């Protein structure tokens, strides 16, 4: 068996997870305004913290691309690329969403649509990313009336 063929049987491991690269992996990128909960949502979905750098943890702000994955009950594997929401890191956001076709667009219920939400949507339009889902985060921080407005 050639090295390229044997590579398809390789399994990536960390101390707590294992990814079988012989199974098709669907990759989804996050998008949305800074501090709307993109990284927190990925952490809740996967159990993995996508913020890798000490500076990100110190500032509570995603600076570079973060990665996480999970295996669904069906056996399908989902990979997430967590992108920064801050306008100063739009270059990193572009690098994260450029190669993907699906997006998890995060909007915080307590703040609604913000400037980086709009910028991220425009970038996704230019790149032709048309598939995805909107996740409304921080719902517990608003009353029913505000929640109704946020869902419109």
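Numbering (this note's numbering), first residue to last: 880 to 1031.
Cβ atoms here follow ideal geometry from the backbone N, Cα and C, with glycine treated the same way.
In this text, all values refer to a predicted model and were calculated from it rather than measured experimentally.
*asked:* I'd like the list of long-range same chain contacts for residue 920, defined as Cβ closer than 8 Å, with 5 residues on each side in sequence excluded.
replied: Sequence index remark: in the chain shown, residue 920 carries index 41 (1-based). Excluding sequence neighbours, residue 920 sits near 909, 983, 985, 1014 and 1016.
*asked:* Measuring straight from C-alpha to C-alpha, what distance separates residue 962 and residue 1007?
replied: Within the chain shown, the letter at position 83 stands for residue 962. Within the chain shown, the letter at position 128 stands for residue 1007. Those two C-alpha atoms are separated by around 17 Å.
*Can you list, in chain order, the residues of its chain whose CB lies under 6 Å from that of residue 906, leaving out five sequence neighbours each side?*
For the purposes of this step, residue 906 is taken as the residue at position 27 of the chain shown. Excluding positions up to five away in sequence, the list reads 958 and 979.
*According to DSSP, is residue 977 helix, strand or coil?*
In the chain shown, the residue the question calls residue 977 occupies position 98. It is coil, neither helix nor strand.
*Segments assigned alpha helix (DSSP H), at least 4 residues, entirely inside the segment 912 to 938*: 917 to 925 and 933 to 938
*Given residue 948, which residues of its chain have a CB within under 8 Å of its CB, disregarding the five upstream and five downstream residues?*
On the chain shown, position 69 is the one that residue 948 refers to. Around residue 948: 896, 898, 904, 925, 927, 956, 957, 958 and 959.
_Using only CA atoms, which one of 1028, 998 and 965 lies nearest to residue 943?_
To locate residue 943, count along the chain shown from 1; it is residue 64. For residue 943, the nearest C-alpha among the options comes from 965.
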